[in-house]
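Participant: Got a structure for you, written out below as structure tokens; questions coming shortly.
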Amino acid sequence: MACAKIKAVRQPDLVLITWTRNPLVAGSPRRITSFRVIGSAQPCRATLVTNGLLITALNCLLDDFKIVYQKKTTSISGYLLLQRFRVQ
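Read the sequence shown against our numbering and you will find it ends at 91, with the numbers running on by one and no gaps.
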């Protein structure tokens, strides 16, 4: 009887970002208030900084990740969940 090789399944990389806008400035950009990476966010890890611009992080992340869920929690805040769609 031959032994079967067991191969571990690679878990997806996930990035959860919460954001907020300045309520005193109309049209202000969304800024990252917190984030959590499960797995890896490379090569975009440097763009994930508290108080950094969300658009800067998304410009990098959307090359390898897709938004799988997003919700606006108030008129000035919300969160996004991104999942890597390509294996590097």
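Heads up, the beta-carbon is just placed ideally off N, CA and C, and yes, glycines get one too.
Give the C-beta separation of residue 44 and residue 66 to the nearest angstrom, bearing in mind that I take them to be a contact with Cβ-Cβ under 8 Å.
Facilitator: In the sequence shown, residue 44 corresponds to position 41, counting from 1. In the sequence shown, residue 66 corresponds to position 63, counting from 1. With 8 Å as the limit, residue 44 and residue 66 do not qualify as a contact, their Cβ atoms being about 12 Å apart.
Participant: Could you spell out where the beta strand (DSSP E) holding residue 70 opens and where it closes?
Facilitator: Here residue 70 refers to the residue found at position 67 when the sequence shown is read from its first residue. Looking at the DSSP string, the run of the beta strand (DSSP E) that includes residue 70 is 68-77.
Participant: Out of 20, 87, 41, 13, which one is the CA nearest neighbour of residue 60?
Facilitator: Sequence index remark: in the sequence shown, residue 60 carries index 57 (1-based). Comparing Cα positions, the closest option is 20.
Participant: Apply the 10 Å Cβ neighbour rule to residue 35 and answer buried if 16 or more other Cβ atoms are within range, or exposed otherwise.
Facilitator: If you number the sequence shown from 1, residue 35 lands on position 32. Its Cβ being crowded by 16 or more others within 10 Å, residue 35 is buried.
Participant: Taking the beta strand (DSSP E) that residue 20 belongs to, which residues open and close that run?
Facilitator: Here the question's residue 20 lines up with position 17 in the sequence shown. Looking at the DSSP string, the run of the beta strand (DSSP E) that includes residue 20 is 17-23.
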